[in-house]
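*Asks:*
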Amino acid sequence: FVPESKVPAEVLKVRNRSAILEADNRNNCEKIILYRKLVRLNRKSLNDCSPYPTAGMNDIVRFNVSNFIQKMDNPVVPLYAPGDNGVFEIVKGEKMYYINLVLQLKNEEQLDYKRYRIVLNRKGIREIEMF
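Structure follows, in structure tokens:
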């Protein structure tokens with residue numbers, strides 16, 4: 007874990023934290039995990055491996071969320087909503103957690119950031135959003 011003061015400004019900008027989340031973080035303190043993976047490719051060696059041109063590379067990031075899931079609350083929570091007759095009714099809501107993943111992709115000519123949001127609850131990953 008790293009303190010927010012150590013996170014580069016570019017990453018915080020890409021993270022794009024909402025004002026509501028900023029206010030909530032004063033009480034709940036969002037945790038920031040630093041994960042680094044360096045991949046170096048030698049273009050000449052890559053070209054020598056195959057007679058066909060290489061247009062790109064895919065890198066797979068495996069992120070194990072099982073430890074997070076074990077510590078989560080019940081995925082179904084009661085919510086109170088105003089009914090048609092003005093009386094509050096109990097409706098079932100899903101408790102969701104969000105993991106924001108910011109990747110820095112860099113080569114000799116360019117620097118790029120990609121942001122993903124992993125939506126999950128105790129049942130597992132529900133959605134992955136790309137921004």
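Sequential numbering from 7 applies to the sequence shown in the working numbering. Think of the CB as a built atom: it goes at the ideal place given N, C-alpha and C, for glycine as much as any other residue.
Just tell me which of K77, D79, N80 and I96 has its CA closest to the CA of Y86.
*Replies:* Ranking K77, D79, N80 and I96 by Cα distance to Y86 puts I96 first.
*Asks:* State the CB to CB distance for the pair E114 and V125, rounded to an integer number of angstroms; the pair is presumed to be in contact (CB under 8 Å).
*Replies:* No, E114 and V125 are not in contact; Cβ-Cβ is about 35 Å, not under 8 Å.
*Asks:* Could you tell me the alpha carbon to alpha carbon distance between N80 and G62, rounded to whole angstroms?
*Replies:* Taking the straight line joining both Cα atoms gives about 42 Å.
*Asks:* Among E133, I131 and K120, which residue has its Cα nearest to the Cα of E16?
*Replies:* It is K120.
*Asks:* Among C35, D65 and S56, which has the Cα closest to the Cα of K43?
*Replies:* Closest option to K43, Cα to Cα, is D65.
*Asks:* By a C-beta neighbour count over all protein chains shown, 10 Å radius and 16 as the cutoff for buried, is R82 buried or exposed?
*Replies:* In the sequence as displayed, the identity of residue 82 is Val instead of Arg. Classification for V82: exposed.
*Asks:* In terms of residue numbering, what span does the alpha helix (DSSP H) encompassing K19 cover?
*Replies:* Per DSSP, K19 belongs to the alpha helix (DSSP H) from A15 to R21.
*Asks:* Measure the C-alpha to C-alpha separation of N91 and K101 and round it to an integer number of angstroms.
*Replies:* Near 27 Å, if we compare the C-alpha coordinates of K101 and N91.
*Asks:* I believe Y103 touches R123 by the beta-carbon criterion, under 8 Å. Please report the beta-carbon distance rounded to the nearest angstrom.
*Replies:* About 11 Å; that fails the 8 Å criterion.
*Asks:* Starting from I75, follow the alpha helix (DSSP H) in both directions and report where the run begins and ends.
*Replies:* Run containing I75: S72 to Q76, per the alpha helix (DSSP H) assignment.
*Asks:* Would you mind stating whether V8 and L40 have Cβ atoms separated by less than 8 Å?
*Replies:* Taking 8 Å as the Cβ cut-off, V8 and L40 qualify as a contacting pair.
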